[in-house]
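J.:
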Amino acid sequence: MGIKHRKHITLNEELWEPLIFCENYNQPPPPPPPPRSMKCCPDYSDLLKQIYKIVKQNKEAIGVDDLPANLPASFIKTGKTESGQIPQPNLVQILGWYFQRFDEIMGQFELQIDVEDIDAVTSGNQKLELRLPNIAETLSEMIMMLTTIMYNSDLGVNLTTRAMIEAGQIKQTTYKNHELIDTIVDFLGYKVDYKTEKIPLSFTPGTDTFELMVKEKQINVSVAEMTDKRTFPTIMQELLHAAAIIRAVHWQKIDPNRDIKSQVKNIIEKGIQARENISKDE
């Protein structure tokens with residue numbers, strides 16, 4: 007006993023195979039040939055499925071279903087006004103929009119910068135022309151300049167701090183010396199007067215611009231001048247001369263062979279008597 011089994015090869019072809027259940031069973035005649043396909047072209051169903059799958063993947067990767075894309079008209083915001091959005095229907099226009107926005111943000115190279123004056127000390131304008139060809143060289147120049155500025159700034163802070171400490175010590179010492187000189191002048195009691203003299207300064211105070219401030223200038227300073235005609239050595243010479251006269255007049259010689267006590271007593275009594283006589287005469 008046998009049953010015909012149908013096996014599908016394609017959607018349009020069928021293959022019938024006999025199934026044998028016992029060895030003594032006679033094989034039936036072969037099945038009739040399958041019907042011929044009515045199509046004029048080969049079957050490309052599997053190929054079309056593969057093509058459709060690839061197209062679908064590319065479609066999802068590109069994002070065709072999201073077109074048109076609403077993109078900002080500009081990345082630069084002016085005040086509080088928004089730039090709005092513009093639709094981009096295809097990839098070509100999106101790529102063009104990207105380059106427009108990139109150029110809008112990055113700007114146009116090569117850039118030329120004209121500096122009016124680079125030296126504040128020298129009179130006039132010392133002009134300088136800078137050219138920035140691209141972003142890489144511009145960043146390189148900026149980093150180099152910033153590194154130099156940081157180094158000079160740290161050095162300047164260090165030197166300025168030391169100069170401030172020195173200036174404070176000098177000011178303190180100057181004030182002490184000034185007070186000491188005033189005390190000496192008061193102690194000696196000589197008369198002084200003040201006059202104005204000019205001294206050079208390495209800068210000009212009270213100016214409006216740095217160029218004028220760094221210029222040297224002569225300023226007026228009030229200084230002390232002694233008005234007494236006689237000086238301290240002259241006065242000391244007069245005192246020494248007067249002391250010599252007094253010594254010559256009042257010099258008393260003591261005889262060492264006699265009683266020293268009685269001689270000193272007589273000298274003192276004579277001095278007292280002379281003073282009393284002078285007082286009576288007055």
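Residue numbers (our numbering): 7 to 288.
We put the beta carbon where it would ideally sit given N, CA and C, even for glycine.
Note that this is a predicted model, so its numbers are computed, not measured.
1) Does DSSP put Gly8 in a helix, a strand or coil?
2) In chain order, what residues of the same chain have a beta carbon less than 8 Å from the beta carbon of Ile129, not counting five sequence neighbours either side?
3) Between which two residues does the beta strand (DSSP E) harbouring Arg137 extend?
4) Please state whether the Cβ-Cβ distance between Pro95 and Pro74 is less than 8 Å.
5) What did DSSP end up calling Asp72 once you bin it into helix, strand or coil?
6) Kindly indicate the opening and closing residues of the alpha helix (DSSP H) around Ser208.
7) Going by DSSP, name the residue or residues bridged to Asp120.
8) Give the range of the alpha helix (DSSP H) segment to which Glu217 is assigned.
9) Could you check which residue in Arg264, Asn263 and Ala249 has the C-alpha nearest to that of Trp257?
10) Helix, strand or coil for Ser159, going by three-state DSSP, please let me know.
11) Which same chain residues, not among the five before or five after Pro206, have their C-beta less than 7 Å away from its C-beta?
12) Give the C-beta separation of Met232 and Val270 to the nearest angstrom, bearing in mind that I take them to be a contact with Cβ-Cβ under 8 Å.
13) DSSP three-state call for Lys271: helix, strand or coil?
14) The alpha helix (DSSP H) that contains Ile100, what's its start and end?
15) So for Ile225, helix, strand or coil by DSSP?
16) In whole angstroms, what is the alpha-carbon distance linking Pro139 and Met170?
17) With distance defined between alpha-carbon atoms, name the residue in Leu53, Pro93 and Val61 nearest to Asp72.
18) Residues bridged to Lys201 by DSSP?
19) List the residues that DSSP assigns as beta-bridge partners of Gln91.
20) If you check the beta carbons only, do Val127 and Val220 fall under 8 Å apart?
21) Mind checking whether Leu145 and Ile119 have CB atoms under 8 Å apart?
22) For the alpha helix (DSSP H) containing Gln243, list its first residue and its last residue.
T.: Taking the geometry as given:
1) Summary for Gly8: the model assigns pLDDT 44, below 50, so the residue's position carries little reliability, and this model does not support an answer.
2) Going by the sequence as given, residue 129 is Ser instead of Ile. So the list reads Glu217, once near-sequence residues are dropped.
3) First-last of the beta strand (DSSP E) with Arg137: Leu134 to Leu138.
4) Cβ atoms of Pro95 and Pro74: closer than 8 Å.
5) Helix at Asp72.
6) Counting along the chain, Ser208 sits inside no alpha helix (DSSP H), nor does DSSP assign it H or E at all.
7) The bridge partners DSSP lists for Asp120 are Glu135.
8) Segment Phe216 to Met219, the alpha helix (DSSP H) holding Glu217.
9) It is Ala249.
10) Ser159 falls in the helix class under three-state DSSP.
11) Residues Glu222 and Gln224 of the same chain have their beta carbon placed closer than 7 Å to that of Pro206, with the five preceding and five following residues left out of the count.
12) In this structure Met232 does not touch Val270 by the C-beta definition: roughly 45 Å separates them, more than the 8 Å allowed.
13) Three-state DSSP puts Lys271 in a helix.
14) That run of the alpha helix (DSSP H) goes Leu97 to Met112.
15) Ile225 carries a strand assignment under DSSP once its states are collapsed to helix, strand and coil.
16) Near 44 Å, if we compare the C-alpha coordinates of Met170 and Pro139.
17) Nearest in C-alpha terms to Asp72, of all of Leu53, Pro93 and Val61, is Pro93.
18) Looking at the DSSP assignment, Lys201 forms a beta bridge with Val229.
19) For Gln91, the beta-bridge partners assigned by DSSP are Pro78.
20) Taking 8 Å as the Cβ cut-off, Val127 and Val220 qualify as a contacting pair.
21) Going by C-beta atoms, Leu145 is not nearer than 8 Å to Ile119.
22) Phe238 to Val255 is the span of the alpha helix (DSSP H), which, as asked, contains Gln243.
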